[in-house]
Amino acid sequence: MQSSSVPSLVKEPGVIQPDLDGVTTPVGSFDDDLIQLLTPQGERVHHETYSARVEDLDLHALQGLYRDMALVRRFDNEATALQRQGELGLWPQCLGQEAAQIGSGRALATQDYVFTSYREHGVAWTRGLDLRKILHSFRGQDHGGWDSAAHNFHLYTLVIGSHALHATGYAMGIQRDGDVGTGDPGRDRAVVSYFGDGATSQGDVSEALVFASVTAAPVVFFCQNNQWAISEPTARQSRVPLVQRGGGFGIPSVRVDGNDVLACYAVTQEALERARSGGGPTFIEAVTYRMGAHTTSDDPTRYRSRAEEDYWRQRDPIARLRTLLVAEGTGEDFFEGIEAESETYAEDVRAYCRALSSPDPITMFDHVYAEDHPLVSAERAWFAEYEAGFTGEEAHR
Amino acid sequence: MQSSSVPSLVKEPGVIQPDLDGVTTPVGSFDDDLIQLLTPQGERVHHETYSARVEDLDLHALQGLYRDMALVRRFDNEATALQRQGELGLWPQCLGQEAAQIGSGRALATQDYVFTSYREHGVAWTRGLDLRKILHSFRGQDHGGWDSAAHNFHLYTLVIGSHALHATGYAMGIQRDGDVGTGDPGRDRAVVSYFGDGATSQGDVSEALVFASVTAAPVVFFCQNNQWAISEPTARQSRVPLVQRGGGFGIPSVRVDGNDVLACYAVTQEALERARSGGGPTFIEAVTYRMGAHTTSDDPTRYRSRAEEDYWRQRDPIARLRTLLVAEGTGEDFFEGIEAESETYAEDVRAYCRALSSPDPITMFDHVYAEDHPLVSAERAWFAEYEAGFTGEEAHR
Amino acid sequence: MSASAIGTQRITMAKAINLGLRRALERDEKVMLMGQDIGALGGVFRVTDGLQKDFGEERVVDSPLAESGIIGTAIGLALAGYRPVCEIQFDGFIFPGYDQITTQLAKMHYRSRGRLNLPVVIRVPFGGGIGAVEHHSESPEALFAHTPGLRVVSPANPADAFTMIQQAIASPDPVLFFEPKARYWDKADIDVRAAGQALDLGGDTVGLHTARVVTPGTDITVAAYGPTVSTALAAAGVAGQEGTSVEVIDLRSISPIDFDTLIASVRRTGRLVVVHEAPVFFGAGAEIAARVTEHCFYSLQAPVLRVGGFHVPYPVANIEEEYLPNLDRVLHAIDSAMAH
Amino acid sequence: MSASAIGTQRITMAKAINLGLRRALERDEKVMLMGQDIGALGGVFRVTDGLQKDFGEERVVDSPLAESGIIGTAIGLALAGYRPVCEIQFDGFIFPGYDQITTQLAKMHYRSRGRLNLPVVIRVPFGGGIGAVEHHSESPEALFAHTPGLRVVSPANPADAFTMIQQAIASPDPVLFFEPKARYWDKADIDVRAAGQALDLGGDTVGLHTARVVTPGTDITVAAYGPTVSTALAAAGVAGQEGTSVEVIDLRSISPIDFDTLIASVRRTGRLVVVHEAPVFFGAGAEIAARVTEHCFYSLQAPVLRVGGFHVPYPVANIEEEYLPNLDRVLHAIDSAMAH
Ligand SMILES: Cc1ncc(C[n+]2csc(CCOP(=O)(O)OP(=O)(O)O)c2C)c(N)n1
Ligand SMILES: Cc1ncc(C[n+]2csc(CCOP(=O)(O)OP(=O)(O)O)c2C)c(N)n1
Ligand SMILES: [Mg+2]
Ligand SMILES: [Mg+2]
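Residue numbers (our numbering), protein chains in the order written: chain P, 1 to 397; chain B, 1001 to 1397; chain X, 2001 to 2340; chain V, 3001 to 3340.
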């Protein structure tokens, strides 16, 4: 099986020659054709199109982005710790993906709507969600945990790729509401759908690209290519950079350094503007890295190298923004303040989580249907009576 | 809803600018970037890469292609007539798509394997299948009708897009058999999967592109864009020419005039060679036209114009080859011979079809499982006894 | 042409659904139809004939050829406040959308603790008897009824079709709406205006999930839904002439099942035959037999008998009449039950 | 390390399946494994641990993240002469592959009039009780058993898991192989060599679709499969102490169901309780109750009772113990049946 052989074709009319660079690029390295405004060394880079989009971010704003990322990381680490302590059943870390999530999330307007997988705690933060609510489902108390409409932030979706279609449908609804291309910045809306590199293989994601493209729906597909789908490297999902996927469906696509919060902010802002103004969908590939395990149940030592992890640790999204902040005049006290705030936050998260109590078993019969359902009612009644039968000794005989 | 507005982006590194021409191109017209070796007027065109691939087709060979197309059309017309006469329940015509099917089919080697939808009677012909067997299923006597292994031609698949995955899996099998890249022309094999423009929207087709691309499976995706999926124009499935789809998955792709039998032959031959030699998959978009109804149950007057049909009648694949043949010295007797052969063939098809008899009802219990199954056995026994109970008057009381 | 201006007329089931859809589109601008070929073509069965012309391409949408995409985007549209009615072209083509139905559509209300409703209707022409090729004659209702969160119904006549499609669209829950395609061309007199008004007033109509005693009888109950109701009625006619009084129940709903009506009937008659086209094994008849037996253990004179599809894929058209639970097979089951 | 060199050892069910897969890979070079993360990681449950290392990336394949793709390409590979064994990561993620299973895998043999076989096995870790998040605790077996052309089985202990996975792979028909994930870490002593030899000789082993009387009893039969067999056994123990003699039957196969064994038992005991985790409504218990009642109408002292999931989506982990058909609920059903 010659799975690494690359066909060589002459470029000519009628022949689409895909950019096959991705095949030989080792997983985890950067390519040249990546939008970047801030290097791993924390230096600004000029970009003809995108630099303008971060010009209005003054030092205060940059510090805000730093705070976002730092607090989300602290939250994420605390949740991981809580899982280790047996307080959560499972935790999917967003460690390492803070720039992709905060950068894109901060480009959103209040009226925009977001659909995600299960790892987008940073995006949730930008939507004003009380992150502690995310713990509910990983503690086994709730399948959802928050009021999605209150935050324009949909519940996490665990079936990979499904929500890309929900996002597209929601965007089709926005079109029908007339909330696209009015020019009113308080009215025009768009949707962002976040998913991973692995998700791009699911038929549903491709179908979402079809529907979004042919309807010119105001939706941004934000693919966090964190190099891994559990134990499978991105090369198991695509021979070419994922950014090419969007183009194949007629969707303008952009590849961005996902560990560069400024670049993520800029490209997402542009894509959202296009969507809100009626320009249709955009596909963004944010090249980032899952610095932690897939979830707390995972064991990455089985499938990836320490060297690779080290390589990416050098590209930590928070560290590089810190370097920039320092270079642009932020004092140590700022960072100490964030540190202190993080600790208080973590303590609060811990206490909140521990105080959560299990739902009453009878609630399992709630909300199966919005309207009355005789079978559910009968089973609920049976269960209540059955449970009532257990008193003292009798229980469990 | 601004479904026709096209976003304008500056081309720059990191930004994939899809070719959005397809959006404004009216459905049914040709684009420039189409591989063509024979014009609608029947004149040869030179093509740097592909002309060489038809050089060895002498007049005799061209006449053979003509005969293929003419007989397949005659068969197809006869089947349509048989449906009108109540001899078939349904018939999906291949009218107008003969060049795409014969051109590509004649590029196949015996050991190649083919998966199709339900309209590929022309391809079936090139595989040596007795086309009359196709009538079985449309007469309601069989779900399949032929021995696929005997012809390396799989049964028709009616669930749109499903078989693109079967084709890819089969190609993965060929890789495991070591029948790729050996250099032995009698051994190296490839698979072709035929599907329509509508099918490209199905998740399964996209997933097939993923699997084929990452495994470099020896499979050619041959998409007959006949402009319609029942009543929906190709624009309902894609904003851009379908040929771009393949590139997005890292698959070399080519767009060919699907009514040009020579061009179809040439591009398929190239793609097959690449696949057999280990170069992986190719995506071919053959731009053609469904000159008839979707099936005999369909009524195209509800959704498309006479003008459009006229436009395409000018581009009839058979007529243009005839012009070429005449120009290159074929006499009227040849065409008369084909005419006569067609009539004999049609009569034979008619007689065969009419002579087909219904299967015995008890056979419905055959081949549900390859191994014994107690429930099927019990139901079969019950049915036999039950049927035996009906004698004379008793039946239907 | 406003549906409400029509009054009593003799219409087919296909037309009745068309009028029901039209009324739903008229009454609630959030209602929209999606599916393959439902626009200019009016659907392969012409059930949506004329609706795109009258309500526009935004409300009657020709979707790309992808069932998961249709149902998945319908979920998103429902989250955005719309009430999508999806047409699946044929029963056998619902399966690419099965994941969205089973893991998303059915569970979103529960997942969100009741905060989110998904009022999505999925219309599925189903069943056999039309001489079709593979995948065009299936009865997959059991594959949806087993999943909590979904409602599954099937009308058996034009009047019910007209009413039930509107009730399904009005439901805040997802509804699988199985249309017996072999009955599409059956005609009945319907006073569309009266039926519509009754519906508007929430009054006189039978609930979406209520079974109906179509023919009262005393010796045996025959329960059916969708395409087999007319077979059951025919059997009742023949059996009646032969001296057996058959009570025919049109279940109308497969999830939930109106067991109250069913149990009350069986307590009276003491015998039950269930008829459906789907394979008997793990079919609706199994659930009905199990539950009715549990509740009527001492009233039953004979075991509940099931008449339905065999454990074979839907066979070729030439022999489908022998596969289908036809008049003779229902009569045979009635005889067997009576002889017990 | 060759599995056949091992001899008696105390192993988990996960390990037993691993050894069964290893033997199958050793014996037939056409056998191959496909799935997400089954290579270097060994699968999320480590069932395929070490197999890619020993058999190579061509035979133990990490697939792209797409269940339809996995099953669809497995069909193609089977057509090309291979015997693919697909791992679905969790029960709740089989649905994107449902179309390929239902319309293609189940029907190809029939469609081709027996010319084509699809010896594909789909391994599905299923069931609850492991404190997981949504979609990770489902029991969808009924959604496959209803479809003719598929075989559906579930082992309840390590020894059966070892044998049955090999029988499933040897079957010329497609097999859905439901592995009770809550039992993956249950241990038992198995003489792998003896079991393997018995299998090779086609001798001493129980057929893939044969039910087994695990504990004989005289007062009542309790039928279970997969994860609920151990619950049934526990209930039999408690009930026995209280004077009720319970016969426990491990069904092992859900399609086909070994009704001969079941009916013979119920004719003796006169009572039957069926236990499964899947929702009761349209679940396996319905088919069992319906058919057993039909055949044992005069032997049954009480209606067949079903203990299973409620008509709600699988609930949150904190309260799953109350949802699951646990010891108390099985005992309660036994009491009810005995009291009838
Ligand atoms: C349909 C489906 N199949 C399998 C899984 C199991 N699963 C959970 S996460 C995951 C990998 C996802 O990878 P990716 O899309 O890259 O997202 P990431 O976890 O890296 O953020 C898999 C296979 C699932 N959740 N849904
Ligand atoms: C999964 C599925 N959905 C719907 C259908 C109904 N259907 C049959 S043919 C067809 C259109 C196919 O269009 P295209 O792929 O362009 O092929 P063509 O008929 O033009 O050759 C549709 C929607 C089907 N067969 N399968
Ligand atoms: Mg990933
Ligand atoms: Mg087409």
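Ideal Cβ positions, reconstructed from N, Cα and C, are used throughout, including at glycine.
Taking each of B/Arg1304, B/Glu1385, B/Phe1365, B/Leu1262 in turn and checking the Cα distance to leucine 2041 of chain X, the smallest one comes out for B/Arg1304. Contact between proline 2119 of chain X and alanine 2161 of chain X does not hold, since the beta-carbon distance rounds to 19 Å and is not under 8 Å. A straight-line Cα-Cα distance of about 24 Å links arginine 2151 of chain X and glutamate 3320 of chain V. Beyond the five residues adjoining it in sequence on each side, aspartate 1033 of chain B comes within less than 7 Å, by CB distance, of Arg1255 in the same chain, given in chain order.
Close partners of alanine 2040 of chain X in chain B (Cβ separation under 8 Å): Ser1231, Arg1302, Tyr1303.
Proline 1218 of chain B sits in coil when the DSSP states are folded into three classes, being neither helix nor strand. The Cβ atoms of arginine 2267 of chain X and aspartate 2219 of chain X lie no closer than 8 Å to each other. Comparing C-alpha distances from glycine 96 of chain P to each of P/Arg315, P/Arg350, P/Asp333 shows the shortest one belongs to P/Arg315.
The Cβ atoms of serine 1253 of chain B and phenylalanine 1283 of chain B lie closer than 8 Å to each other. For the segment 227-253 of chain P, the residues whose beta carbon sits under 8 Å from a beta carbon of chain V are, in order, Ala229, Ile230, Ser231, Glu232, Arg236, Gln237.
Residues close to ligand 3 by the beta carbon criterion (under 7 Å to any non-hydrogen atom) are, from first to last along the chain, P/Gly196, P/Asp197, P/Gly198, P/Gln224, P/Asn225, P/Asn226, P/Gln227, P/Trp228, P/Ala229, P/Arg290. If only complete runs of 4 or more residues are kept, the segment 192-264 of chain P shows the alpha helix (DSSP H) at 203-215, 243-248, in order along the chain. Distances from the CA of arginine 3123 of chain V to each of V/Lys3107, V/Ile3011, V/Val3044, V/Lys3053 were compared; the closest alpha carbon is that of V/Val3044.
Glutamine 2036 of chain X has its CB nearer than 7 Å to a heavy atom of ligand 2.
For leucine 2079 of chain X, the nearest beta carbon of chain P is closer than 8 Å to its own beta carbon. Between ligand 2 and the CB of serine 1117 of chain B, the shortest heavy atom gap is smaller than 7 Å. For proline 1317 of chain B, the enclosing alpha helix (DSSP H) starts and ends at 1317-1327. With a threshold of 16 other beta carbon atoms within 10 Å, phenylalanine 390 of chain P falls short and is exposed.
Under a criterion of Cβ atoms nearer than 9 Å, no residue of chain P is adjacent to isoleucine 2249 of chain X; the nearest Cβ is some 16 Å distant.
Annotation for glutamine 1101 of chain B: the continuous alpha helix (DSSP H) segment containing it runs 1098-1105.
The bridge partners DSSP lists for glutamine 2009 of chain X are X/Ile2190.
Per DSSP, threonine 296 of chain P is not a residue of any alpha helix (DSSP H), being assigned neither H nor E. In this structure, the beta-carbon distance from threonine 2269 of chain X to threonine 2205 of chain X does not fall below 8 Å. Spatial neighbours of glutamine 1083 of chain B in its own chain (CB-CB distance under 7 Å, excluding positions within 5 residues in sequence) are listed in chain order as Leu1090, Trp1091, Thr1296. Taking 8 Å as the cut-off, the beta carbon of leucine 325 of chain P is found no closer than this to the beta carbon of valine 261 of chain P. For cysteine 2086 of chain X, the enclosing beta strand (DSSP E) starts and ends at 2083-2087.
Leaving aside the five residues that flank valine 2280 of chain X on each side, the residues in its chain whose CB is nearer than 6 Å to its CB run, in chain order, Arg2306, Gly2308. Put simply, of B/Ala1107, B/Pro1281, B/Gln1101 the residue whose alpha carbon is nearest the alpha carbon of serine 1117 of chain B is B/Gln1101.
Taking 8 Å as the threshold, the shortest C-beta distance from aspartate 2219 of chain X to chain B does not fall below it. Looking at X/Gly2007, X/Thr2008, X/Lys2015, the one whose alpha-carbon comes closest to that of aspartate 2186 of chain X is X/Lys2015. Neighbours of tyrosine 2323 of chain X in chain B, taken as residues whose beta carbon is under 7 Å from its own, are Met1364 in chain order. Contact of isoleucine 3088 of chain V with chain P is not assigned, every C-beta pair being separated by 8 Å or more. Excluding the 5 residues flanking it on each side, proline 3084 of chain V has same chain C-beta neighbours closer than 7 Å at Met3032, Met3034, Ala3074, Leu3077, Ala3078, Val3120, in chain order.
When distances are taken from the beta-carbon of isoleucine 160 of chain P to the heavy atoms of ligand 1, the shortest one is below 7 Å. For isoleucine 1134 of chain B, no pairing in a beta bridge is given by DSSP. Look at leucine 2065 of chain X: its beta carbon is less than 7 Å from one of the heavy atoms in ligand 2.
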